[in-house]
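Heads up, the thing below is written out as structure tokens.
There are 2 protein chains.
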Amino acid sequence: MSTSEQIVRAAPSRGRRSARAAGDERERAILTTAERLLERRSLAEISVDDLAQGVGISRSAFYFYFPSKDAVVLTLVDRVVEQAGAARDRALERQASDPSAAWREGIESFYEVFGAHRPVIRAVTDLSATNSEARELWSQVMDGWVSQVTEMIEAERTRGAAPRDLAARDLATALVQMNERVLHAIFIDETPAVGERQVIDTLTHVWRSAIYGACDER
Amino acid sequence: MSTSEQIVRAAPSRGRRSARAAGDERERAILTTAERLLERRSLAEISVDDLAQGVGISRSAFYFYFPSKDAVVLTLVDRVVEQAGAARDRALERQASDPSAAWREGIESFYEVFGAHRPVIRAVTDLSATNSEARELWSQVMDGWVSQVTEMIEAERTRGAAPRDLAARDLATALVQMNERVLHAIFIDETPAVGERQVIDTLTHVWRSAIYGACDER
DNA sequence: AAGCCTATCAACACCGTGTCGAGAATGCCG
DNA sequence: CGGCATTCTCGACACGGTGTTGATAGGCTT
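Sequence order for the protein chains is A and B. If you're matching positions, the first sequence starts at 0 in numbering that gives the first Met the number 0 and goes up one per residue. If you're matching positions, the second sequence starts at 0 in numbering that gives the first Met the number 0 and goes up one per residue.
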């Protein structure tokens, strides 16, 4: 806890050109408005004008703060990405002490990070249809999870607890993508979808059996 | 010439208002043009004008044949859906004779149906971001697969070959969605993605172990 | 007061969509 | 043949959304 970040990450620069100003408030207001609107409507149904009106400025004033609607979403996503990274690291630490429980906990954090920001998740996947930056950002997130899981699988194999039939990375990729897809379906109320009450059990079962189960018959 | 199909299938009606005409040819030309263009560019990068020019008619003439760009894609998808249904039924028949081989074969047909129409698949997922009809159509396809797989799992359980830990339908949903996501990633060259050579093995392994493996520890 | 940022907006140019009404082209029937 | 309907095509328009630009206002510094 006690996150004492004094230096703001010089990072992405998706927002306004210059830093520092009273209008920082406006910038944040745009972000929260976007998140609020995304709870009710899909990204495609939200115009720059909606965003501007939601904050009480004109459409063109919006462009002072963000170069486009997409940039707003990407900024929102950046935050979630950061949280996802933290959750991932926490899950890794846990593995050292209790490998068997780690899978379920990893899946749970996946669920929580995604679930806490459903509108943002929905927006970034929608955006990925048209925006390559969104695709790259998201694939970076996925890649982080996959690498993590690959390492974890390999650790279990080294320990002698898991068989070596498949390339660990392929297996990890399939499992992580399953989680993404299954949770996404739940969060946007698709049908068919796994029941939300059972989702953790279901995913955990598939993970465990796939990782520890031998590949008897080819 | 001599096109002697007098009764056109009363089917989907996505296309032109009236039936019957020499312009049937044009309608088909639009569809093949769309499929061709989708091989190079994403749906968002294709305008109605591109489609019209590709066929050699004016943009407004296009609207005589289809009410919108989306309708063209949906028509294309209808075909694939039909093929998917056929592949699905074939897989089911196979199960009766050899339950153990059926899983792999089912996954292979999934792979083939998807793979044979990559541009169309890409288009319908992109379209789902903005078009509810696309979402419904696709979820119908998924639901078909899930129901099929649920039955197959239950058959194996009745036979005493598979344990009953999880709700069969939840498990089936997770597995089918995994396939969708994993194959989709491969087909649109995402990273991370499972290696295309190993994908059938990887997916089959996860399916088998999840279906036949007991859920030892909760 | 002069000058410089920050912030705001109206007006404009642009692009893609979908509609409408005015006709060609084609074919059928009397 | 000539008249009429259906099929098809197009130019012109209205609309809605995006992103840019140039003019301007207010505040803070020096």
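A virtual CB, placed ideally from N, CA and C, is assigned to each residue, including glycine.
query                                                                                                                         : result
CA nearest to the CA of residue 102/B, picked from 191/B, 183/B, 190/B and 175/B                                              : 175/B
Residue 190/B versus residue 181/B - alpha carbon distance                                                                    : 11 Å
Chain A contacts made by the region 154-184 of chain B, where a contact means CB separation under 7 Å                         : 164, 165, 166, 169, 170, 172, 173, 176, 177, 179, 180, 181 and 184
Reduced DSSP category for residue 193/A - H, G, I as helix; E, B as strand; rest coil                                         : coil
Residues of its chain near residue 96/B, where Cβ-Cβ distance is below 7 Å and the 5 sequence neighbours each way are ignored : none
Top-ranked residue by Cα proximity to residue 153/B, from 141/B, 169/B and 26/B                                               : 169/B
Classification of residue 200/A by the beta-carbon crowding that lies within 10 angstroms, buried from 16 upward              : buried
Simplified DSSP state of residue 163/B, which is helix, strand or coil                                                        : coil
Residue 20/B in three-state terms, based on DSSP                                                                              : No answer about residue 20/B holds up, because its pLDDT of 49 lies below 50 and its placement is not dependable.
Cβ of residue 191/B within 8 Å of any chain A Cβ                                                                              : yes
Contact set between residue 138/B and chain A, taken where Cβ atoms lie within less than 8 Å                                  : 189, 190 and 191
Residue 150/B: first and last residue of the uninterrupted alpha helix (DSSP H) it sits in                                    : 131-157
Short CB-CB distance (under 8 Å) between residue 208/B and chain A                                                            : yes
Outcome for residue 149/A when other beta-carbon atoms lying within 10 angstroms are tallied against a minimum of 16          : buried
Distance CB(residue 209/A)-CB(residue 205/B) smaller than 8 Å                                                                 : yes
Coarse secondary structure for residue 200/A, derived from DSSP in three states                                               : helix
Contact set between the region 87-120 of chain A and chain B, restricted to residues whose Cβ is under 8 Å from the partner   : 99
Sequence-distant residues of its chain with Cβ nearer than 7 Å to residue 219/A (five each side left out)                     : For residue 219/A there is no data in the structure shown, the boundaries of chain A being 0 and 217.
Residue 203/B versus 56/B, 63/B, 84/B and 105/B, residue with shortest Cα-Cα distance                                         : 105/B
For residue 49/B, the first and last residue of its enclosing alpha helix (DSSP H)                                            : 47-54
Residue environment, residue 212/B, which counts as buried when at least 16 other CB atoms sit within 10 Å                    : buried
Same chain, Cβ closer than 6 Å to residue 144/B, neighbours up to 5 away in sequence not counted                              : 175
Residues near residue 3/B in its chain [Cβ-Cβ closer than 6 Å; skip 5 each side]                                              : Residue placement at residue 3/B is poorly supported in this model, since its pLDDT is 32, which falls under 50; the coordinates still yield a value, given next. The answer is none, since no qualifying residue turns up.
Proximal chain A residues relative to residue 125/B, where beta-carbon distance stays under 7 Å                               : 128
Distance, residue 44/A Cα to residue 129/B Cα                                                                                 : 8 Å
Outcome for residue 108/B when other beta-carbon atoms lying within 10 angstroms are tallied against a minimum of 16          : buried
Every unbroken alpha helix (DSSP H) inside the region 80-120 of chain B [4 residues or more]                                  : 98-114
Alpha helix (DSSP H) segment containing residue 60/B, residue limits                                                          : 58-64
Whole-angstrom distance between residue 93/A and residue 87/B, CA atom to CA atom                                             : 42 Å
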